[in-house]
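Engineer: Sending over a structure as structure tokens; questions will come in a sec.
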Ligand SMILES: [Zn+2]
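In structure tokens, the structure reads:
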């Protein structure tokens, strides 16, 4: 049996090289002696969340996010059931916003979202919020590195995924960033965050291993992965003193 | 009276800046502080041509200026790096009389995409060239659609647009603007039937969101697109590269004006075409344009020849955080049959600001270098591991990939090994780290 991976909106929501999250996960799964079967689709039509061991969605333009959301809402109940059942999912960039109850766009129009948790996001076209990020996570020892690139504030998250040491949190003056709901991870960090944070890849692999029983996780680090992370962290740390 | 003094101060500062070697936009910055709407008080020339877009602004401005000048027009234009309102103010105020009248026949402005709206608040260009919108410096720009929104506020009714019809997002600016001039490149032998980038920004219609189809692509999402649902498609062009002979190195515009190229990259062709369109509109005859731009090698240091050990080298300055710019350089290398090695340096991601963001490396199609004649690929600089990791996901045999973090060591190694042609692909922010260690020709 293979580990079944679903990369949803792989074209529509792929603004910052997000596809590489799947590339690196695929490589690691093979290195664990298992196989990954990857489904990529710009629509969830005909797909059932329950059929997958890992579901991923990356960042898109504000417009693309609304289109992806409209499509995703057709599987709302099934996604909720999969989340309750412990399926591992990762929503990065503005895909994270889809996990909440509502997204309000710049014109004030309110879009109902998946409601896996009761938080809300409000966009504003006045200002782009961009910046390097370093953050800590309660259950993973190493710091996370990455980049925030958004135009929204997210409110109503009491127990965030990260605490920011550098960079913008869920909303202004909030050091909390992202959310974890069961095995569903949401964060505004954009791009290939699994490439940039090898410890996160290991954590996700562990969860998938436990959930599927397809392989017993053993530590495996590829050349350059750790070194690239160390470099980025070192360069960002220089900016924080 | 105030106008007089502020212009005087600006001129003096500009002059003093010239002596101490600081060609900056500081004089304009001060002038705007003293007199915020000063730009609306200046008597500007009849022709005000602005140029914006992700890539090709500087080259297009430089070529347009050259054509106009060699045809007897006086042109005031800004040099690279001073394309925000302060730079434009410096340009205008240092080129006008103390009574506030510009002396040049034509004012030619390179404008930053995100700040054009502020500059063109005070005056409106008569003509506005928009080259393209790509994923460029997303750490500041957000994404191309975001830049599109910002640019849309810089367009006024009394401005005539000169648009790249081959870029779907740029073309949206011309919807319902009837006096728009369009430029584009017909299907060429080098055109391809698929998007050869890692991602596809031309997949969905920017108007209605449905899937688009392409008759052909020139590169990335630039080509002849069509949306079956809403009918949005590549506009008929007024200024057209109708044929090109890349081996001979020449293009033909509008079926009759042959222009020999100093550099056959697709970028160069679009820049020449945009300049051709602008100069035609400014009244220069096509034959005269062709004569003044033929074989013209842009002198902005983007392409430089050098020697390192026994290697003949060419620097292809590309832009970090701009995958299309990288793809163009990589494709250029791939198109040459001669055996070569490639050096890629990613050390300082920007020269203007700090970021450690490397996601853009994953948007570059490094597989373009997966060809027989590319012997070694040297990777160097602070982000050497990110580069090496990225290359480990290409089909390029790993023994060709040679990461050496230290730029000096890497260049020494290349110098002592081999005599094949060497291409260096890096950004403005890092190119001096190469040029200071080689013999520039
Ligand atoms: Zn359409």
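Residue numbers (the numbering used here), protein chains in the order written: chain A, 476 to 716; chain B, 2 to 442. Backbone N, C-alpha and C define an ideal beta-carbon position, used for all residues, glycine too. Treat the numbers as computed from the prediction; the structure is a model and nothing was measured.
(1) Do residue 485 (chain A) and residue 505 (chain A) count as a contact pair if the criterion is CB distance below 8 Å?
(2) Using a cut-off of 7 Å between C-beta atoms, extract the partners of residue 141 (chain B) located in chain A.
(3) Within the chosen definition, does the stretch 162–180 of chain B reach the stretch 125–139 of chain B through at least 3 CB pairs nearer than 8 Å?
(4) What residue range does the alpha helix (DSSP H) around residue 700 (chain A) cover?
(5) Would you check if the stretch 28–39 of chain B and the stretch 260–267 of chain B touch, i.e. whether three or more CB-CB distances between them fall below 8 Å?
(6) Comparing the CB of residue 173 (chain B) with every heavy atom of ligand 1, is any distance shorter than 7 Å?
(7) Please state whether the Cβ-Cβ distance between residue 99 (chain B) and residue 16 (chain B) is less than 8 Å.
(8) Does the beta carbon of residue 210 (chain B) come closer than 8 Å to any beta carbon on chain A?
(9) Do residue 480 (chain A) and residue 497 (chain A) come within 8 Å of each other at the CB atom, strictly closer than that value?
(10) By Cβ distance below 6 Å, which residues in the same chain neighbour residue 257 (chain B) in space, the five residues on each side in sequence not counted?
(11) Across which residues does DSSP place residue 161 (chain B) in a beta bridge pair?
(12) Candidates B:360, B:180, B:115: which alpha carbon is nearest residue 149 (chain B)'s?
(13) Using a Cβ cut-off of 9 Å, pull out every chain B residue sitting near residue 491 (chain A), in sequence order please.
(14) Anyone know if the C-beta pair for residue 651 (chain A) and residue 645 (chain A) falls short of 8 Å?
(15) Taking 6 Å as the limit, tell me which residues put their C-beta closer than that to any heavy atom of ligand 1, in chain order.
(16) Is it buried or exposed for residue 698 (chain A), if we count other Cβ within 10 angstroms and need 16 for buried?
(17) Have a look at residue 46 (chain B) and residue 191 (chain B) and give me their C-alpha separation to the nearest angstrom.
(18) Going by C-alpha to C-alpha distance, which of B:371, B:439, B:250 sits closest to residue 396 (chain B)?
(19) What did DSSP end up calling residue 356 (chain B) once you bin it into helix, strand or coil?
(20) With 8 Å as the limit, tell me which residues of the stretch 667–684 of chain A have their beta carbon closer than that to any beta carbon of chain B; keep them in chain order.
(21) Per DSSP, residue 404 (chain B) forms a beta bridge with which residues?
(22) Please name the residue, chosen from B:427, B:415, B:406, B:156, that lies closest to residue 308 (chain B) on a Cα-to-Cα basis.
(23) Measuring only the C-alpha atoms, how far is residue 434 (chain B) from residue 713 (chain A)?
(24) Can you tell which of B:379, B:8, B:44 has the C-alpha that lies nearest to the C-alpha of residue 28 (chain B)?
(25) Sort B:366, B:314, B:390 by Cα distance to residue 438 (chain B) and report the nearest one.
(26) If you measure from the beta carbon of residue 383 (chain B) to each beta carbon in chain A, is any gap under 8 Å?
(27) Evaluate residue 212 (chain B) with the Cβ neighbour count: other Cβ atoms within 10 Å of its Cβ, from every protein chain shown; 16 or more gives buried, anything less gives exposed.
(28) Nearest CA to the CA of residue 209 (chain B): which residue from B:228, B:219, B:195?
(29) Can you tell me where the alpha helix (DSSP H) with residue 308 (chain B) in it begins and where it stops?
(30) I'd like to know if residue 394 (chain B) contacts chain A, where contact means its C-beta is closer than 8 Å to some C-beta of that chain.
(31) Going by beta-carbon coordinates alone, are residue 91 (chain B) and residue 26 (chain B) separated by less than 8 Å?
(32) Could you tell me whether any Cβ in chain A is nearer than 8 Å to the Cβ of residue 355 (chain B)?
(33) From this set, B:377, B:342, B:394, which residue's C-alpha is nearest residue 422 (chain B)'s C-alpha?
(34) Run the CB neighbour count on residue 231 (chain B), radius 10 Å, all protein chains shown included, and call it buried at 16 or more, exposed below.
(35) By Cβ distance below 7 Å, which residues in the same chain neighbour residue 523 (chain A) in space, the five residues on each side in sequence not counted?
Structural biologist: Short version:
(1) no
(2) 605
(3) yes
(4) 700–715
(5) no
(6) no
(7) no
(8) yes
(9) yes
(10) none
(11) B:128
(12) B:115
(13) 136, 139, 144, 358, 360, 361, 363, 364
(14) yes
(15) B:206, B:208, B:209, B:211, B:228, B:230, B:231, B:233
(16) exposed
(17) 40 Å
(18) B:371
(19) coil
(20) 667, 670, 671
(21) B:380
(22) B:415
(23) 22 Å
(24) B:8
(25) B:314
(26) yes
(27) exposed
(28) B:228
(29) Note, residue 308 (chain B): premise wrong, no alpha helix (DSSP H); beta strand (DSSP E) at 304–309.
(30) yes
(31) yes
(32) yes
(33) B:342
(34) exposed
(35) 553
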